[in-house]
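Numbering (the working numbering), first residue to last: 1 to 458. The beta-carbon is built from N, C-alpha and C at its ideal position, and this holds for glycine as well.
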């Protein structure tokens, strides 16, 4: 793997959808870099510090959210002189997002008073009263033709279906939730999943015309759903809950066909490979070197030896580090808080928040545990390659960790004082964006990369 030098950032940064550019927030400035040369191709100045950025789907436009002001600014890469500013005045702007056609911006006002659709083609705008949330509760179909927007009125949750062509409401239906948490279209656009707040375990499947296709409730007492994710193929729906279980539903009967437990002790029989992060000392033969006592005292690294990070394959049974959440505090750190499918829908990785140093990888085809990665530090982020079965993760250390069905390996970041706290793949899976607190870099990933070819020094 090859790493670029580190570049400054003070806020968000992300790849463009076509992978040609990287947008970086540096205080008031939006810096656009080319992903091949990393040269600055555009530089835009905003009116305040940038809180979040979002690319349009066609990679031609980009918007910047300014949380300190009730406004957003949008820019064009092909027409640098073109500018757009949306100011809601006293209503404020809690969040903004692009429509699938890249020519409309949806903004949600403070206190969820209304959601407004702004057109970049003319001065027309459409209002939806009472959106449920600011940054969530909105989902688009994969073909970009329809939007589902969650609203709430008279202590009842509703779903508004809008046409993204004319931005007219096609229908409104009530949903059987106490306090709707979020909504997401299925990958084939034939169903909508809605789940309730953590206070009640309830997952509802609706058709676009408002018919309830299924209601799933694993249990009644205790905290409920924590995370929900469709598989890319659309045939599976994964539900992670506070009881530390992963349940997978099928798209034909909407019944569970797999339940995976996250136990702190993994016992046999188990075919899963357990990879444990360890420090391996590098033994240097310095018998022929003449070093003074003063030199050894001033250079403790020489006397104590150097280490390299690597994975050690461990046999079961194995006990995983477990943190019992306090019972007197809200939002306990337990349950499936991190979950994502591989591109081919065969694997899904999970993290039980009460065991934050362990990443579980499940094989859906064989309905079994495929691997466990046991890190020294809590896992900050994990992401699948969008084109192949390769998983990358980071823990806030200077190392990058990867897993493929053939094994796991550690990659050392050569940049000094650079700790990887977040990562993102570009759309073709050839490059990783690695973030530190005040800087970022990129790492190119060869398509033929295999675990047996790389060690922690590569």
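Beta-carbon spacing of residue 236, residue 364 below 8 Å: yes
Reference residue 442, options 400, 277 and 251, closest by Cα: 400
Helix, strand or coil at residue 89 [DSSP, three-state]: The answer is helix: DSSP assigns residue 89 an H, G or I state.
Rounded Cβ spacing between residue 226 and residue 182 (contact assumed at less than 8 Å): About 11 Å separates the two Cβ atoms, so there is no contact after all.
Rounded C-alpha distance that separates residue 435 from residue 380: So the alpha carbons of these two residues sit roughly 11 Å apart.
Other residues of its chain near residue 438: CB distance less than 6 Å, five sequence neighbours each side excluded: For residue 438, where only same-chain residues beyond five positions count, there are no Cβ hits under 6 Å.
Best match in 352, 274, 224 and 336 for proximity to residue 317 [C-alpha to C-alpha]: 274
Nearest candidate by alpha-carbon position, reference residue 32, set 75, 4, 58 and 166: Taking only the C-alpha atoms, the option nearest residue 32 is 75.
Exposed unless 16 or more other CB atoms sit within 10 angstroms - verdict on residue 305: A caution first: residue 305 carries a pLDDT of 49, below 50, which makes its placement in the model unreliable, though a value can still be read off. Exposed is the call here.
Cβ neighbours of residue 112 in the same chain (closer than 6 Å, five flanking residues each side left out): 131
Spatially closest choice to residue 270 from 360, 167 and 370, by CA coordinates: Of 360, 167 and 370, the residue nearest in Cα terms is 370.
CB of residue 359 within 8 Å of CB of residue 351, strictly: Yes. Within cutoff.
Nearest to residue 253 (by Cα), restricted to the options 307, 50, 205 and 88: 205
Rounded C-alpha distance that separates residue 355 from residue 323: 6 Å
DSSP bridge partner residues for residue 150 (one or two, in chain order): 159, per the DSSP bridge assignment.
Buried versus exposed call for residue 391 [16 or more other C-beta atoms within 10 Å across all chains shown]: Flag for residue 391 reads buried.
Within 8 Å, strictly: CB atoms of residue 373 and residue 341: no
DSSP three-state assignment for residue 418, whether helix, strand or coil: coil
Closest by C-alpha distance to residue 419, when choosing among 200, 412, 396 and 427: 396
Burial state of residue 129 (16 or more Cβ within 10 Å): exposed
C-beta contact flag for residue 234 and residue 187 at 8 Å: yes
Three-state secondary structure (DSSP) of residue 110: helix
Between the CA atoms of residue 245 and residue 118 - distance to the nearest angstrom: Here the alpha carbon of residue 118 sits roughly 42 Å from the alpha carbon of residue 245.
Cα-Cα separation between residue 141 and residue 147, rounded to whole angstroms: 6 Å
Alpha-carbon spacing of residue 110 relative to residue 61, whole angstroms: 24 Å
Anticipated Cβ contact below 8 Å, residue 212 with residue 243, distance rounded: Their Cβ separation, rounded to whole angstroms, is 24 Å, which puts residue 212 and residue 243 out of contact at 8 Å.
Proximal residues to residue 28 (C-beta, below 8 Å), its chain only, five neighbours per side dropped: 45, 46, 47, 48, 49 and 50
Per-residue burial, residue 300 [other beta carbons within 10 Å of its own, 16 or more giving buried]: Residue placement at residue 300 is poorly supported in this model, since its pLDDT is 41, which falls under 50; the coordinates still yield a value, given next. Flag for residue 300 reads exposed.
Rounded C-alpha distance that separates residue 526 from residue 196: Because the chain spans 1 through 458 in this model, residue 526 falls outside it and cannot be assessed.
Residue 107, buried or exposed, once every other Cβ within 10 Å from all chains shown has been counted against 16: buried
Residue 250 burial status per 10 Å Cβ neighbour count (16 or more: buried): exposed
For residue 310, three-class secondary structure by DSSP: strand
Local Cβ density within 10 Å of residue 366, reported as buried at 16 or more and exposed below that: exposed
Cα-Cα separation between residue 422 and residue 393, rounded to whole angstroms: 8 Å
Distance between beta carbons of residue 56 and residue 102, contact taken as under 8 Å: 4 Å
Burial state of residue 261 (16 or more Cβ within 10 Å): For residue 261, the number of other beta carbons within 10 angstroms of its own is below 16, and it is reported as exposed.
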